[in-house]
Amino acid sequence: MVAICGVYTALGGLKAVVWTDSVQTGIMFIGVMLVAAAGTLAVGGAHSVANIASNTGRLSFSNWSFSPYERQTGWAAIFGGFLYWTCFNSVNQTMVQRYIALPSKRDAIHAIFIFCLGAILAISLCVWCGLAAWAAWISHGCNPGAAPLVDDRLLPAFVTWVSKVQHLPGLAGVFLAGVFGAGLSSLSAVLNACALVVVEDIIRGWLRWKLKPLVEGLMARFVAAFLAVVALLMLMVIEKLGGVLGVATALSAIAASTTCGIFTLGMVCWWVGPRGAVAGAVAGALAAGTLSMGTQAVAARGYRAPPLEFPAECALNASYVQPPLLNSPEVFPLFRISYHWIAPCGLFATLIVGSIVGKIFDTRDDAKLDAELYTPGVWRALPAEARERAGDTRRAVAAKLLAVQPPSSPLILAGVSDKATLPADSMRNLFQLKKRSNVRMQYVHRSERPPY
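Okay, so the sequence shown: first residue is 61 according to the working numbering, each after it adds one.
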């Protein structure tokens, strides 16, 4: 399946990724909804699932501990989860690529809103399926054959049991299709985005190689295929680590928190230059990377978080070997921190180190600052020269669009084009820039917030 994903991503580009993601997401929702509905009915209804989960400690809203060593707490899920999702969805290449592919900013905002609703629904359905699987295991005498106490076999065993009880022979197939759809949709987006970064930002931007569009397209396809092979080989490494959720969150938090920290420095801290940005990025990557790699190394050695309790009557029907726990004195305290706090640590390390280093070692020219490049919340604190130059960068970029060569399009539009395309209203907007700038200057000289 990974090979198939790599093939259609390399050949079809973003257009193929969007269409396949839409179909795969639909199949994923159909599968998880069927499992949640059929599983709930098989257990005895939503009331039975909620009661069993609450009585056995699987559905608890009372743990609001501030300890970073507890794996799941209310504050960790809210604060750490909020920062992780913000970092991942604000400046991540896979998300930004989709934002800029939309016709307007309003459409991008609508897409983010729909995405948030879909993500909440998907996560809620997955959590409910887990609670239903646990309720089925408890209500049927803790039969080890019905739902083994192994993470990667619990839900498949539950789906098999539900398909027999509810007489739904095709449920397992739909569930399996949904699992593959969820995995492939995420993988294809990452492959496409990474290939674009290599071609556009590294080859064309950093190395300044001037290649023909056809060569760039072939190179992008090769990068996507190569990354698909790497993803296939990484499967052998992932199976040696802990739970998939913790591994995915911990590893992705390294890049997400560091990138978000750099962009936040650029939007808020006008005194930070190249030295501060690089120092902050290194500090954030080291902080998040140390926590992430350390926790995964500990998990690979067999250490696990303390398991939740289960009813005493289940002890006679289940065999369970207690692995070494993470709270053991043998584990370095830094590597016992919950995966929820990895992204906040990387983000704050980037912001703190970057702002300090930038304040000390970076030099800035106030005459070159453009206030529009910073968040409106810091406009009053910007130098007067920056407020007077508000909009200069935007006007220069808009004027340069007429002469700049378009980016290579094989992975953007699934086709090669030698012509630059400009929206129909770009010329009209270009001539209106001066008028809008004059209006903005009136607000700037009054020390008021710009009207946008």
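Built from N, CA and C at the ideal position, the CB exists for glycine as well. All figures in this text were calculated on a predicted structure; none of them were measured in a lab.
Span of the alpha helix (DSSP H) around residue i
i, result
"W197", "165-199"
"D261", "Premise fails: D261 is in no alpha helix (DSSP H) and is neither H nor E."
"W79", "62-103"
"E445", "444-448"
"V457", "452-460"
"S150", "141-150"
For residue i, the three-state DSSP class (helix, strand or coil)
i, result
"R424", "coil"
"A255", "helix"
"C329", "coil"
"I412", "helix"
"Q226", "coil"
"S398", "coil"
"N115", "helix"
"F121", "coil"
"P334", "helix"
"V391", "coil"
"S127", "coil"
"A403", "helix"
"A161", "coil"
"W269", "coil"
"T318", "helix"
"N489", "Unreliable positioning characterises N489 in this predicted model, as indicated by a pLDDT of 47, which lies under 50. A coordinate reading is not provided."
"L274", "helix"
"R361", "coil"
"Q356", "helix"
"L215", "helix"
"L429", "coil"
"T154", "helix"
"T324", "helix"
"T435", "coil"
"T133", "coil"
Close-in-space but distant-in-sequence residues of the same chain around residue i (CB under 8 Å, 5 per side omitted)
i, result
"R229", "The question names Arg, yet the displayed sequence has Pro at residue 229. Cβ neighbours of P229 beyond the five flanking positions: S223."
"W135", "W124, S125, F126"
"G354", "F392, L394, F395"
"R335", "V417, G418, F421, D422"
"L325", "V332, G336, A337, G340, T410, L411, G414, S415, G418"
"I314", "A345, A348, G349, S352, I402, G406"
"A284", "G66, T69, A70, L251, N252, C254, A255, L471"
Contacts around residue i, its chain only, beta-carbon distance under 6 Å, and the 5 residues preceding and following it disregarded
i, result
"A96", "L185, W188, C189"
"A192", "G99, T100, V103, V109"
"T318", "A341, G344, A345, G406, T410"
"Q157", "A253"
"I149", "The residue you asked about is not Ile; residue 149 is Asn in the sequence shown. Excluding positions up to five away in sequence, the list reads M155."
"L215", "A193"
"I263", "W269"
Cβ neighbours of residue i in the same chain (closer than 7 Å, five flanking residues each side left out)
i, result
"I43", "Nothing in the structure corresponds to residue 43, since the chain is present only between 61 and 512."
"E432", "A450, G451, T453, R454"
"C405", "A347, A348, L351"
"L244", "M61, C65, Q84"
"A232", "V219, T220, S223"
"M296", "none"
"F323", "V151"
"V67", "none"
"P208", "Reliability fails at P208, whose pLDDT of 48 lies under 50, so the model's placement of it is uncertain and no value is given."
"V250", "T154"
"L311", "S352"
Residue i: CB within 7 Å of a non-hydrogen atom of the ligand GDP
i, result
"T154", "Ligands in the displayed structure: none, and consequently the ligand GDP is not present."
Original post:
Three or more beta-carbon pairs under 8 Å between the region 422-432 and the region 154-165, yes or no?
Top reply: Taking a contact to require three or more Cβ pairs closer than 8 Å, the region 422-432 and the region 154-165 do not qualify as touching.
Original post:
Is it a yes or a no for the region 268-279 touching the region 75-90, going by three-plus beta-carbon pairs under 8 Å?
Top reply: In the pairwise beta carbon analysis, the region 268-279 is classified as not touching the region 75-90: fewer than three pairs are separated by under 8 Å.
**OP:** Check whether the region 273-282 touches the region 255-262, counting contact only when three or more Cβ pairs, one atom from each stretch, lie closer than 8 Å.
**Re:** Yes, they touch.
Subject >> Inter-stretch contact at 8 Å, needing at least 3 Cβ pairs: the region 437-454 / the region 319-332 >> reply: Enough Cβ pairs lie closer than 8 Å, so yes.
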